[in-house]
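Undergrad: Residue numbers (numbering that gives the first Met the number 0), protein chains in the order written: chain Y, 0 to 376; chain H, 0 to 376. Cβ coordinates follow ideal geometry from the N, Cα and C atoms, glycine included. Take this structure first; my questions come after.
2 protein chains.
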Amino acid sequence: MNYKYHMPTKVFSGKNCIVANSDVFKTFGSKAMLVTGRSSAKKNGSQHDVITALEQQGIDYVVFDKVMANPTIECAYEGAEFAKANQVYFIVAIGGGSPMDAAKAMALLAKQDIQPEDLFNGQYAEDVLPIIAVPTTAGTGSEVTQYSILTNNLLETKTSIAADILFPKVAFVDAKYMSGLPVTTTINTAVDALSHSVEGMLSIRSSLVSDALAKESIRYFVKAAPAMCDAVGSGDVSLLDETVRQDLMQCAMLAGMVIAQTGTTAVHAMGYSLTYFKDIDHGRANGLLLAEYMAVVQESEPQLVAEILAALGMSELSEFKALLSKLLGEVEVLTKDDVVKFSAKAVAAPAIKGNCKVKPTEDEVNAMFMQAFNLAF
Amino acid sequence: MNYKYHMPTKVFSGKNCIVANSDVFKTFGSKAMLVTGRSSAKKNGSQHDVITALEQQGIDYVVFDKVMANPTIECAYEGAEFAKANQVYFIVAIGGGSPMDAAKAMALLAKQDIQPEDLFNGQYAEDVLPIIAVPTTAGTGSEVTQYSILTNNLLETKTSIAADILFPKVAFVDAKYMSGLPVTTTINTAVDALSHSVEGMLSIRSSLVSDALAKESIRYFVKAAPAMCDAVGSGDVSLLDETVRQDLMQCAMLAGMVIAQTGTTAVHAMGYSLTYFKDIDHGRANGLLLAEYMAVVQESEPQLVAEILAALGMSELSEFKALLSKLLGEVEVLTKDDVVKFSAKAVAAPAIKGNCKVKPTEDEVNAMFMQAFNLAF
Numbered sequence: 000m001n002y003k004y005h006m007p008t009k010v011f012s013g014k015n016c017i018v019a020n021s022d023v024f025k026t027f028g029s030k031a032m033l034v035t036g037r038s039s040a041k042k043n044g045s046q047h048d049v050i051t052a053l054e055q056q057g058i059d060y061v062v063f064d065k066v067m068a069n070p071t072i073e074c075a076y077e078g079a080e081f082a083k084a085n086q087v088y089f090i091v092a093i094g095g096g097s098p099m100d101a102a103k104a105m106a107l108l109a110k111q112d113i114q115p116e117d118l119f120n121g122q123y124a125e126d127v128l129p130i131i132a133v134p135t136t137a138g139t140g141s142e143v144t145q146y147s148i149l150t151n152n153l154l155e156t157k158t159s160i161a162a163d164i165l166f167p168k169v170a171f172v173d174a175k176y177m178s179g180l181p182v183t184t185t186i187n188t189a190v191d192a193l194s195h196s197v198e199g200m201l202s203i204r205s206s207l208v209s210d211a212l213a214k215e216s217i218r219y220f221v222k223a224a225p226a227m228c229d230a231v232g233s234g235d236v237s238l239l240d241e242t243v244r245q246d247l248m249q250c251a252m253l254a255g256m257v258i259a260q261t262g263t264t265a266v267h268a269m270g271y272s273l274t275y276f277k278d279i280d281h282g283r284a285n286g287l288l289l290a291e292y293m294a295v296v297q298e299s300e301p302q303l304v305a306e307i308l309a310a311l312g313m314s315e316l317s318e319f320k321a322l323l324s325k326l327l328g329e330v331e332v333l334t335k336d337d338v339v340k341f342s343a344k345a346v347a348a349p350a351i352k353g354n355c356k357v358k359p360t361e362d363e364v365n366a367m368f369m370q371a372f373n374l375a376f
Numbered sequence: 000m001n002y003k004y005h006m007p008t009k010v011f012s013g014k015n016c017i018v019a020n021s022d023v024f025k026t027f028g029s030k031a032m033l034v035t036g037r038s039s040a041k042k043n044g045s046q047h048d049v050i051t052a053l054e055q056q057g058i059d060y061v062v063f064d065k066v067m068a069n070p071t072i073e074c075a076y077e078g079a080e081f082a083k084a085n086q087v088y089f090i091v092a093i094g095g096g097s098p099m100d101a102a103k104a105m106a107l108l109a110k111q112d113i114q115p116e117d118l119f120n121g122q123y124a125e126d127v128l129p130i131i132a133v134p135t136t137a138g139t140g141s142e143v144t145q146y147s148i149l150t151n152n153l154l155e156t157k158t159s160i161a162a163d164i165l166f167p168k169v170a171f172v173d174a175k176y177m178s179g180l181p182v183t184t185t186i187n188t189a190v191d192a193l194s195h196s197v198e199g200m201l202s203i204r205s206s207l208v209s210d211a212l213a214k215e216s217i218r219y220f221v222k223a224a225p226a227m228c229d230a231v232g233s234g235d236v237s238l239l240d241e242t243v244r245q246d247l248m249q250c251a252m253l254a255g256m257v258i259a260q261t262g263t264t265a266v267h268a269m270g271y272s273l274t275y276f277k278d279i280d281h282g283r284a285n286g287l288l289l290a291e292y293m294a295v296v297q298e299s300e301p302q303l304v305a306e307i308l309a310a311l312g313m314s315e316l317s318e319f320k321a322l323l324s325k326l327l328g329e330v331e332v333l334t335k336d337d338v339v340k341f342s343a344k345a346v347a348a349p350a351i352k353g354n355c356k357v358k359p360t361e362d363e364v365n366a367m368f369m370q371a372f373n374l375a376f
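Structure (structure tokens):
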């Protein structure tokens, strides 16, 4: 019963919740900066809804739409300068994990002078621009976390800024912005969310609160799984209908609430190399490794895996492996040299060193990569 | 999927969590006011632990230990004056619902000039003394809610101040302070917590998040139920051991997180009269009415009740009724005049008017009271 729980973000969920609650924006000041990627927020209607809400409330705004996938530290500094130059009072982050995570770093850097080499040291003052988050994918859960994950070219991996001041003040969770999201992106992000919930249950920081949220999150993934399997088979995005989108959005938000408490574990630590060096999508990278790590956990803590399988409505890990395989398809080509390099990086990562109930050895990490990518031992 | 979720309190749970996290107090200033009842916080060790933590951090403090059960508006004003006179920076509320709820009103009134007639109008500025909550009973969940419930002699009932600024900044949840709590108090408060979770699921403001927390809370009640039944039969408080206390503390905190989202429903609306006019303990009052209200709900929304029964691990409402009856024993004597008066008050209460998925009519409220108190129709 030893745990800490904290998730201060105010969540508004539901169709058209942004415009219906436009008065919320008013409490943060008279000028906003929208932070988003190049185009998707314009296409999916989210940017339009935010602007409608801001205009309804007579709030001025500027747009920073230069966030790339897997945003860099440089991007965060550039956005922070833009925020300062435009004297904005708050940030509205619109998009998937990349714009939300970049926006959090911008919110911090706009108010505090922090050198790049100190950015991940965990020592920050209280000052930050308030953040309002509008997720348009169902994966990261960044709308309800204190994490900003940036690509760190110095360390050749992704690195997290984790600070309570980075929790968005408000999250608007509306699945309608996902309606045009391609099948592959939908699946990759959904698998990321699933990985958050499963890893949350495998974290030493898990608690009865995070576990309750994780199991609920997993149940929403399971509810959406048949439609995702059909869609990946046929390539027909229309199979991912409004109900599926809503289920996935809730799955991802609940999973975000989980990792806000627990952090991630071996799966994310290993997955980051796949993304950094092999350009494998983040959620997909986790999905390729998730069942492998569960198999390692099962050896010493079978009841933990049984609890996760129960939430999945499954009795065998092989069923789960089959589901992930169906969703993710053919795996990428990895060399043994890749594996050795990635394993060494992973075992040094805090998510393995400090956060796993079952801490894999370097040999086990090696074996998980080999297994996941069908390499001979 | 239309809902709002917000629970910003930072929760520390676990044995000795106050002293282990004494640095948390430091962030709120150099002088505190402890708000508590006459004696229990001194006996159960909670006041001692808070003082130890404050002294470790060099924080000065004053003690206001005059909060009575079912605290009055006058008590809240008196404590606020005491806080102002002593120029404290924050409040540490220690005890059951009464000290915590009174402390919240004091925190508000110490910073804002509000006349008694405006105290419940919902219009407050942002200023409030920060509140740290230390529950010593497992019932109210006030440590994680935005409610301050005071006895309102003008309206002859209990009335809530509900404001986001009243969420405690921090809650320290340590079941060890409950170790000496008498069997009857333990059961009454536990039944209050159960009522919060069940009513949360019956509220129009329920959501997937609050339902997940409610079901988990109910499961903890069920886990503790056999020991409570044994203790009530034998009167042996030692049957309520550390594990039972922990389970009940978690049950109550989760249930608090639920009503922070959902509010309460017909059960609380009806129960307040039993407490105000008949001096029946608050939790007991809810427990006497809970199964009756579930029976009313079952008529039009059987699946809702089935979901609650599933969380209880039961298949029939009669099983639940039998459990409550075993825990609560012989009922008090009520007259038909009482029933008529209480029913009229209940149907006018916001918890019935605005918050029930199944809104009972005055006749149904009448019938529930009659049934609960074995009165002939």
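Kindly indicate which three-state DSSP category N365 of chain H falls into: helix, strand or coil?
TA: Here N365 of chain H sits in helix by DSSP.
Undergrad: Thinking just about the alpha-carbon of each residue, which of Y:A265, Y:Y275, Y:N43, Y:V208 is nearest to the one in T150 of chain Y?
TA: That would be Y:Y275, whose Cα lies nearest to the Cα of T150 of chain Y.
Undergrad: Give the residues of chain Y in contact with L212 of chain H, contact being defined as C-beta atoms less than 7 Å apart.
TA: Going along chain Y in sequence order, the residues near L212 of chain H (Cβ under 7 Å) are A211.
Undergrad: If you follow the beta strand (DSSP E) that K30 of chain H is in, where does it begin and where does it stop?
TA: Run containing K30 of chain H: 30-34, per the beta strand (DSSP E) assignment.
Undergrad: Which chain H residues sit within Cβ distance under 8 Å of G13 of chain Y?
TA: Near G13 of chain Y (Cβ distances below 8 Å), the residues of chain H are M0, N1, Y2.
Undergrad: Comparing C-alpha positions only, which one of Y:M313, Y:G138, Y:M367, Y:L316 sits nearest to L273 of chain Y?
TA: The residue with the shortest Cα to Cα distance from L273 of chain Y is Y:M367.
Undergrad: Is the beta carbon of N285 of chain H less than 8 Å from the beta carbon of D210 of chain H?
TA: No, the Cβ-Cβ distance between N285 of chain H and D210 of chain H is not below 8 Å.
Undergrad: F24 of chain Y and P129 of chain Y: beta carbons closer than 8 Å?
TA: No.
Undergrad: Is any beta-carbon of chain H found at less than 8 Å from that of L207 of chain Y?
TA: Judged by the 8 Å Cβ criterion, L207 of chain Y is in contact with chain H.
Undergrad: Could you round the C-beta distance between A254 of chain Y and G96 of chain Y to whole angstroms and report it? I think they count as a contact, below 8 Å.
TA: About 12 Å; that fails the 8 Å criterion.
Undergrad: Which chain H residues sit within Cβ distance under 7 Å of Q111 of chain Y?
TA: Neighbours of Q111 of chain Y on chain H: none; closest Cβ ~18 Å, over 7 Å.
Undergrad: Comparing alpha-carbon positions, which option in H:K157, H:V127, H:Y292, H:L239 lies nearest C355 of chain H?
TA: Taking only the C-alpha atoms, the option nearest C355 of chain H is H:Y292.
Undergrad: Going by DSSP, what residues sit across from S202 of chain H in a beta bridge?
TA: Note: S202 of chain H sits in a beta bridge opposite H:C355.
Undergrad: Here's a check: name, in chain order, each residue in its chain whose Cβ is nearer than 8 Å to the Cβ of T360 of chain H, leaving out the five neighbours to either side.
TA: Once the five neighbours on either side are set aside, the close Cβ partners of T360 of chain H are V346.
Undergrad: Can you name the residues of chain Y whose CB is closer than 9 Å to the CB of K9 of chain H?
TA: Those are K3, Y4, H5, P7, D163, listed as they occur along chain Y.
Undergrad: In chain order, what are the residue ranges of uninterrupted alpha helix (DSSP H) at least 4 long that sit wholly in the segment 78-145 of chain H?
TA: Qualifying alpha helix (DSSP H) stretches, in chain order: 96-108.
Undergrad: Look at the Cβ atom of V133 of chain Y, then the Cβ atom of I17 of chain Y, and state whether they are nearer than 8 Å.
TA: Yes, Cβ-Cβ distance for V133 of chain Y and I17 of chain Y is below 8 Å.
Undergrad: Go ahead and pull the three-state DSSP assignment for S314 of chain H.
TA: Looking at S314 of chain H - three-state DSSP - the assignment turns out to be coil, as it is neither helix nor strand.
Undergrad: Counting C-beta neighbours from all protein chains within 10 Å, is the total for T242 of chain Y 16 or more, i.e. buried, or is it exposed?
TA: Label assigned to T242 of chain Y: exposed.
Undergrad: How long is the line joining the alpha carbons of L303 of chain Y and Y219 of chain H, rounded to whole angstroms?
TA: Between L303 of chain Y and Y219 of chain H, the C-alpha separation is close to 19 Å.
Undergrad: Please classify R37 of chain Y as buried or exposed, where buried requires at least 16 neighbouring CB atoms within 10 angstroms.
TA: Exposed is the call here.
Undergrad: Mind listing, in chain order, the continuous beta strand (DSSP E) runs of no fewer than 3 residues lying wholly within the segment 145-210 of chain Y?
TA: Runs of the beta strand (DSSP E) inside the segment 145-210 of chain Y: 146-151, 156-161, 169-172.
Undergrad: Counting only runs of 4+ residues fully inside the segment 315-342 of chain H, write out the alpha helix (DSSP H) ranges in chain order.
TA: Runs of the alpha helix (DSSP H) inside the segment 315-342 of chain H: 316-327.
Undergrad: Thinking C-alpha only, which one of H:A102, H:I113, H:L180, H:Y176 is nearest Q145 of chain H?
TA: The option with the nearest alpha carbon to Q145 of chain H is H:A102.
Undergrad: Whose C-beta lies closer than 7 Å to the C-beta of E363 of chain Y among residues of the same chain, with five residues either side of it excluded?
TA: Cβ within range, chain order: V295.
Undergrad: Run through the segment 1-60 of chain Y for me and flag every whole beta strand (DSSP E) of 3 or more residues, listed as ranges in chain order.
TA: Within the segment 1-60 of chain Y, the complete beta strand (DSSP E) runs of at least 3 residues are 2-12, 30-34.
Undergrad: Determine whether the beta carbon atoms of C74 of chain H and K83 of chain H lie at a separation below 8 Å.
TA: Their beta carbons are not under 8 Å apart, which means C74 of chain H does not touch K83 of chain H by this criterion.
Undergrad: What do you reckon, are the CB atoms on K30 of chain Y and Y4 of chain Y nearer than 8 Å?
TA: No. Outside cutoff.
Undergrad: Which residues in the same chain have their Cβ closer than 8 Å to the Cβ of V377 of chain H, if we skip the five residues on either side of it in sequence?
TA: Only positions 0 to 376 of chain H appear in this structure, which leaves residue 377 of chain H out of reach.
Undergrad: With the cut-off set at 8 Å, would you say T184 of chain H and L239 of chain H are in Cβ contact?
TA: Their beta carbons are not under 8 Å apart, which means T184 of chain H does not touch L239 of chain H by this criterion.
Undergrad: Within a Cβ cutoff of 7 Å, which residues of the same chain sit near K358 of chain Y, ignoring the five residues on either side of it in sequence?
TA: Counting only Cβ-Cβ distances below 7 Å, and skipping sequence neighbours, we find I351.
Undergrad: Could you list which residues in chain Y have their beta carbon closer than 7 Å to that of E215 of chain H, in chain order?
TA: Within 7 Å Cβ-Cβ: L207, A211.
Undergrad: Would you say Q249 of chain Y reaches chain H, if we count a Cβ-Cβ gap shorter than 8 Å as a contact?
TA: So, interface residue.
Undergrad: Taking C-beta pairs closer than 8 Å, name the residues in chain H that Q245 of chain Y reaches, listed in chain order.
TA: Near Q245 of chain Y (Cβ distances below 8 Å), the residues of chain H are M0.
Undergrad: In the structure shown, what three-state DSSP assignment does V304 of chain Y receive?
TA: Helix.
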